[in-house]
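So the structure is just underneath, and the comments pick up after that.
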Amino acid sequence: EVQLVESGGVVIQPGGSLRLSCAASGFTFGEYTMHWVRHAPGKTLEWVSLISWDGGVTKYADSVKGRFTISRDNSKNSLYLEMNSLRTEDTAFYFCAKARIPVSGTSIDYWGQGTLVTVSS
Amino acid sequence: QSALTQPASVSGSPGQSITISCTGTSSDVGGYNYVSWYQQHPGKAPKLMIYDVNNRPSGVSNRFSGFKSGNTASLTISGLQAEDEADYYCSSYASSSTLVFGGGTKLTVL
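For the record, the sequence lines run as chains F and H. Quick note: the first sequence, position 23, residue 149 per my numbering, numbers continuous. Quick note: the second sequence, position 53, residue 89 per my numbering, numbers continuous.
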């Protein structure tokens, strides 16, 4: 059974930094592109970032480019999101998500339960 | 990276069919057969219902079906049931090798 468990969400002041983690199990983590998607309360889902199976390719939404960094450690079956210069508009549930087929990032099949990041003074 | 356009809400009575549209551009929906649909109940993670325009994952009811024409994709739910009441989101692969989501549609079963 695929399991994705996010952690690291907290209440943090604007301008602060935070690192989210996602522990994966139930599949061969090192073969799959992984994504971060966020959902702000009352708003729509927003794709945030992806990283290829080997970490060689990363992509970011314009809204987080230059502030967020995605990374992975295949030896630990873990995905990370380093978040810097946080803004109030970054407040959201952050979901770790698995690509549906190996190597490709064209769609997502499994999602974690999310971790809440609140940016507030 | 503009969001795909979905109606804010749709409704239907038990047993009826409803269709939710998802409109994008030739750089996303129209350019690739990688449209997915997700169901999200309050406080829960999204669940994949349709992938690659019209394919159902194992375990998803055949009451759910997908279609695409040009830059618009659609999700049809037939034989509406109370448990179908949820938010539904479309997503598409985009030319920038990223994903884009729709604004979400709240389905109310009357």
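A virtual CB, placed ideally from N, CA and C, is assigned to each residue, including glycine.
The alpha-carbon separation between Y74/H and G141/F amounts to approximately 33 Å. Using beta-carbon distances, E172/F counts as an interface residue toward chain H, with a partner under 8 Å.
For L205/F, no Cβ of chain H is located within less than 8 Å of the residue's own Cβ. Close to chain F, meaning a Cβ-Cβ distance shorter than 7 Å, are the following residues of the region 53-85 of chain H: Y70, S72, A81, P82, L84. By the Cβ test, the region 40-53 of chain H is in contact with the region 132-144 of chain H, since at least three Cβ pairs between them sit closer than 8 Å. Taking the Cα of A225/F as reference, the smallest distance to any Cα among L176/F, F219/F, T170/F is reached at L176/F. In this structure, the beta-carbon distance from V131/F to G238/F falls below 8 Å.
Annotation: S246/F is outside any beta strand (DSSP E) and is labelled neither H nor E by DSSP.
Annotation for S189/F: no residue places its beta carbon closer than 6 Å to its own, counting only its chain and skipping 5 residues before and after. For L176/F, the nearest CB of chain H lies under 8 Å from its own CB, placing it at the interface with that chain. Around R99/H, the same chain offers I113, S114, G115 as residues with beta carbons nearer than 7 Å, after the five sequence neighbours per side are excluded. For V229/F, no beta strand (DSSP E) run applies, since DSSP gives it neither H nor E. Secondary structure at K142/H: strand, using DSSP grouped into helix, strand and coil. Contact between the region 145-160 of chain F and the region 49-62 of chain H is absent: fewer than 3 CB-CB pairs across the two stretches fall below 8 Å.
Residue range 184-186 is occupied by the beta strand (DSSP E) that includes K185/F. By the rule that beta-carbons nearer than 8 Å mark a contact, R226/F touches chain H.
Around V136/H, the beta-carbon contacts reaching into chain F at under 8 Å are W173. Selection S133/F, V128/F, I138/F evaluated against T244/F yields I138/F as nearest (Cα-Cα). Counting only the Cα atoms, A130/H lies some 9 Å from T61/H.
The beta-bridge partner set that DSSP reports for D199/F consists of S204/F. In the three-state reduction of the DSSP assignment, E119/H falls in the helix class, which pools H, G and I. The distance from the Cβ of A149/F to that of S204/F is about 6 Å, consistent with a contact at the 8 Å cut-off.
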